[in-house]
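In the numbering used here, the protein residues as written are 1 to 173. The beta carbon of each residue, even a glycine, is placed where N, CA and C say it ideally should be.
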Ligand SMILES: [Zn+2]
């Protein structure tokens, strides 16, 4: 058995203290060709700064920022300024997650409320229908008896006219 040594390439973030590397990007930990590792880094929207033909610097997505002045991605400043930016990003993420949770809870509450409200309107519609039926019933009873509709109690409900008649004298309002 003969064993050969092979060289593979991986890229690690150049920001001091960062251990993020190409193995964090996906299924491969290293590439046989450096250009493939570079391409992988680039396609993941990480930053590559070319200082010269053979001097490239790499920054993971946590360690680059957008420069409004230069209108391009730049490495995060090192030291306290970089720490401030990272802290502000963490705050934004926490607030973002809390906002997301609040919006979800709010949406659920709105939807519950709408369902309850819908049921309320359905009940209201039914009540209006019952009122209309009652009104027609009162008119029909009054016509049958030959008396003014005002003399029929407004709460006849669904009691059929003949039952109403059999029940005895109709009450005046
Ligand atoms: Zn990094």
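- Between ligand 1 and residue 40, a heavy atom-to-CB distance of less than 7 angstroms is absent.
- Ranking 63, 40, 106, 100 by CA distance to the CA of residue 85 puts 63 first.
- Nearest to residue 54 by C-alpha distance, out of 69, 38, 46, 129, is 38.
- One thing to note: residue 60 has its Cβ no nearer than 8 angstroms to the Cβ of residue 73.
- The C-beta distance from residue 57 to residue 14 rounds to 5 angstroms, short enough to fall under 8 angstroms.
- Annotation for residue 76: no beta strand (DSSP E) segment contains it, and DSSP assigns it neither H nor E.
- In its chain, beyond the 5 residues on either side, 9 have a beta carbon closer than 7 angstroms to the beta carbon of residue 34.
- About 6 angstroms separates the Cβ atoms of residue 78 and residue 16, confirming a contact at the 8 angstroms cut-off.
- Residue state for residue 58 is assigned as strand, using DSSP reduced to three classes.
- If you draw a straight line from the Cα of residue 75 to the Cα of residue 36, it is about 22 angstroms long.
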